[in-house]
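Colleague: Pasting in a structure now, in structure tokens, and then I'll have a few things to ask.
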């Protein structure tokens, strides 16, 4: 799943934000964990325990080399593998946009975990808007390098869209941040995250 | 067939060893054995603190000869030699690998074809029913004999995976990792059905003589052949058999309209069956299939596998193969779920390949890469442990 996006163009700036949101010694599951580098980082810096989930067979041995528990299965089949309320944090990093039923997966995340963290490419970034509005074609960017006909990213959304869905699902947004892939902080990013944020990061919980 | 130098080098010569235990063994079936022997082989070198030892558990038709070779013929390689040896995923340059023939077997360890010291004749069907638990107990005795208090890993495929799982339940402190490959926590009705077809083929053969065929200088060869043929079909996948044989005819293009083997698949299965007759004991086959049928650790915990595996503390690697319909991925997922519920460390790979149940014996890229990585992880821990020990 790590090939869904051109991750080499992304700084691991988002990993640092996610790490700040995870409690030390907590139980974490990383859905679409790629080569396991985020979970490895969380194990080393926050002493978390838990599992990574990944479908790509080419990532299995890398996860094992990284010393994480990896479970190979398809997230589109739900999280039936995991008991309800068995994790403190459920992470879905740069994977939501490729899910066949993202809404269902978000519900599943809140079934198995107390807190959810989702990161995704913000489709409302001004460069995407520009490509559609002026160029008249589907955006292709460093983060979303695919053409419309061969992209695995079938459910793209904007930061605003995501907030609306969370509200519908009865989730409370605890934190919401938009970042640039170069990690730079700008005034535009701060005041208009849905326009200037390339990657959106949201942390949410169930409304009790 | 001549073996290449590379093949010979990667499969070093090995000799079986034997140990006798002079104790009354009380079995799960309530049967007893008054003393028993285990035949086993070892590969590689045990390190100074015995932290690099791996136990391999064999499956239905396997034995202690898991790796290496007996001679230069190219025909005497161990049954898992593709994965075990110097530089291979289970690397004998790093690990001390042990595999024993299970009791009830027919390759040296005490079994139905051994002489019963009380009668001076082969046990035959007087040999008691043995179970996975009994095997694990005798393997633990072998561990004591070898001075191995804790295995770096216990590893098994199919029926061998059941033994690895049982180790994690019976002797949780005696293994750090448990590798369960192409296995299940219990057989389903279809699987037991296949086993009984095999048993009936053997037991209804006129040469079976109620299990005492040794005294009649014969063996239920026809029954064994049918048993092996049905087994073999279930170890392959429909796709694999289609690819391998299709509807090809042997050396002809027309039907003979006779009952002689005409299709390639017929002659292949008969050949496999015939090979098996010469090297396997019918009573052992019956015992091994019964052990498979009986294995069900959750039977003692109200069918709750999570509770059955609650004593386990080892880290697990579970692997299944997409085309394995005899021990399907769903059976492995059940094990993974139970381990997760116990909050144990577990990794799970579901290898997409067409080779069916036999996949676990083969070199399949996605499979061997996972095995190699996992075993490397274990090797790193073992060398750390040895370094600490030597300080």
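Residue numbers (the numbering used here), protein chains in the order written: chain A, 1089 to 1296; chain B, 76 to 466. Backbone N, C-alpha and C fix where the C-beta goes; we use that ideal spot for every residue, glycine too.
With a CB to CB cut of under 6 angstroms and the five nearest residues on each side skipped, what residues in its chain are close to residue 1156(A)?
Modeller: Once the five neighbours on either side are set aside, the close Cβ partners of residue 1156(A) are 1124, 1127, 1128 and 1140.
Colleague: Can you check whether the C-beta of residue 205(B) is within less than 9 angstroms of a C-beta belonging to chain A?
Modeller: Not closer than 9 angstroms to any Cβ of chain A, the Cβ of residue 205(B) fails to qualify, so no.
Colleague: Leaving out the 5 sequence neighbours to the left and right, which residues in its chain are closer than 6 angstroms to residue 304(B) when beta-carbon positions are compared?
Modeller: 344 and 348.
Colleague: So for residue 381(B), helix, strand or coil by DSSP?
Modeller: Three-state result, residue 381(B): helix.
Colleague: In three-state terms, what does DSSP make of residue 305(B)?
Modeller: Residue 305(B) falls in the helix class under three-state DSSP.
Colleague: Could you check the C-alpha separation between residue 256(B) and residue 439(B) for me, to the nearest Å?
Modeller: For residue 256(B) and residue 439(B), the distance between alpha carbons rounds to 13 angstroms.
Colleague: So does residue 1142(A) have its beta carbon nearer than 8 angstroms to some heavy atom of the ligand SAM?
Modeller: This structure lacks the ligand SAM; in fact it carries no ligand of any kind.
Colleague: Are the C-beta of residue 229(B) and some C-beta of chain A separated by less than 9 angstroms?
Modeller: Chain A contact via Cβ: absent.
Colleague: Ignore the nearest five residues each way along the sequence and tell me which others in residue 1114(A)'s own chain have a CB closer than 7 angstroms to its CB.
Modeller: Around residue 1114(A): 1136, 1176 and 1177.
Colleague: Residues of chain B with CB closer than 8 angstroms to the CB of residue 1155(A), please, in chain order.
Modeller: Per Cβ cutoff of 8 angstroms: 452.
Colleague: So if I threshold CB-CB distances at 8 angstroms, which residues from the segment 412 to 436 of chain B count as touching chain A?
Modeller: If the cut-off is 8 angstroms between Cβ atoms, the segment 412 to 436 of chain B has 412, 415, 416, 418, 420, 421, 422, 423, 424, 425, 426 and 427 near chain A.
Colleague: Since residue 93(B) is in the beta strand (DSSP E), which residue starts that stretch and which ends it?
Modeller: Per DSSP, residue 93(B) belongs to the beta strand (DSSP E) from 92 to 101.
Colleague: In chain order, what are the residue ranges of uninterrupted beta strand (DSSP E) at least 3 long that sit wholly in the segment 1217 to 1265 of chain A?
Modeller: Qualifying beta strand (DSSP E) stretches: none in this window.
Colleague: With 7 angstroms as the limit, tell me which residues of the segment 1115 to 1132 of chain A have their beta carbon closer than that to any beta carbon of chain B; keep them in chain order.
Modeller: Those residues of the segment 1115 to 1132 of chain A that come within reach of chain B (Cβ to Cβ, closer than 7 angstroms) do not exist; the list is empty.
Colleague: Count the other CB atoms, across all protein chains shown, that sit within 10 Å of the CB of residue 116(B); report buried if there are 16 or more and exposed otherwise.
Modeller: Buried is the call here.
Colleague: Just checking: is the beta-carbon of residue 166(B) within a distance shorter than 9 angstroms of some beta-carbon in chain E?
Modeller: The chain labelled as chain E is not found among the protein chains of the depicted structure, namely A and B.
Colleague: Report the three-state DSSP secondary structure of residue 115(B) (helix, strand or coil).
Modeller: Correct three-state label for residue 115(B): strand.
Colleague: For the segment 267 to 297 of chain B, enumerate the residues whose C-beta is nearer than 7 angstroms to any C-beta of chain A, in chain order.
Modeller: Under the 7 angstroms Cβ criterion, the segment 267 to 297 of chain B contributes no residue.
Colleague: Going by other Cβ atoms of all chains shown within 10 Å of its Cβ, with 16 needed for buried, is residue 230(B) buried or exposed?
Modeller: Result: buried.
Colleague: Just to check my reading of the structure: residue 114(B) and residue 175(B) have Cβ atoms closer than 8 angstroms, yes? What is that Cβ distance to the nearest angstrom?
Modeller: Residue 114(B) to residue 175(B), Cβ: 7 angstroms. Contact.
Colleague: Closest to residue 388(B) by CA distance: which of 233(B), 211(B) and 252(B) is it?
Modeller: Checking every option, the nearest Cα to that of residue 388(B) belongs to 252(B).
Colleague: Which of the three DSSP states is assigned to residue 260(B) in this structure?
Modeller: Coil.
Colleague: Under 8 angstroms: do the segment 86 to 94 of chain B and the segment 423 to 438 of chain B share three or more Cβ pairs, one atom per stretch?
Modeller: With the cut-off at 8 angstroms, the segment 86 to 94 of chain B and the segment 423 to 438 of chain B do not touch.
Colleague: Name the chain A residues that come within less than 9 angstroms of residue 399(B), Cβ to Cβ?
Modeller: Here the premise fails: no neighbours, minimum Cβ distance about 15 angstroms.
Colleague: Considering only their Cβ atoms, is the gap separating residue 383(B) from residue 376(B) smaller than 9 angstroms?
Modeller: A contact, by the Cβ cut-off of 9 angstroms.
Colleague: So, at 8 angstroms on beta carbons, what are the nonlocal neighbours of residue 320(B) in its own chain, with the 5 sequence-adjacent residues on each side left out?
Modeller: Excluding residues within five positions, the ones whose Cβ falls inside 8 angstroms are 338, 339, 340 and 343.
Colleague: CA-CA distance, residue 1166(A) and residue 1192(A)?
Modeller: When rounded, the distance between both Cα atoms is 8 angstroms.
Colleague: Determine, using beta carbons only, whether residue 378(B) comes closer than 9 angstroms to chain A.
Modeller: By this cut-off, residue 378(B) is not an interface position.
Colleague: Would you list the residues sitting across from residue 395(B) in a DSSP beta bridge?
Modeller: Residue 395(B) pairs with 425(B).
Colleague: Listed from N- to C-terminal order along the chain, which residues in the segment 299 to 314 of chain B have their beta-carbon within a distance smaller than 9 angstroms of any beta-carbon of chain A?
Modeller: Per Cβ criterion, the list is empty.
Colleague: Ordered along the chain, which non-local residues of its own chain (more than five positions away) have a Cβ less than 7 angstroms from that of residue 1211(A)?
Modeller: Answer for residue 1211(A): 1244, 1245 and 1246, listed in chain order.
Colleague: Could you check where the beta strand (DSSP E) with residue 1181(A) kicks off and where it finishes?
Modeller: Taken as a continuous stretch (DSSP letters only), the beta strand (DSSP E) holding residue 1181(A) covers 1175 to 1181.
Colleague: Roughly how many angstroms lie between the CA atoms of residue 445(B) and residue 1152(A), to the nearest whole one?
Modeller: Roughly 7 angstroms between the two C-alpha positions.
Colleague: Does any residue of chain B have a CB that is nearer than 9 angstroms to the CB of residue 1150(A)?
Modeller: It does; some Cβ of chain B falls within 9 angstroms.
Colleague: Return the CA-CA distance between residue 1207(A) and residue 416(B), expressed in angstroms with no decimal places.
Modeller: Answer to the nearest angstrom: the Cα atoms are 27 angstroms apart.
Colleague: Taking the alpha-carbon of residue 1149(A) as reference, which of 451(B), 80(B) and 191(B) has the nearest alpha-carbon?
Modeller: Of 451(B), 80(B) and 191(B), the residue nearest in Cα terms is 451(B).
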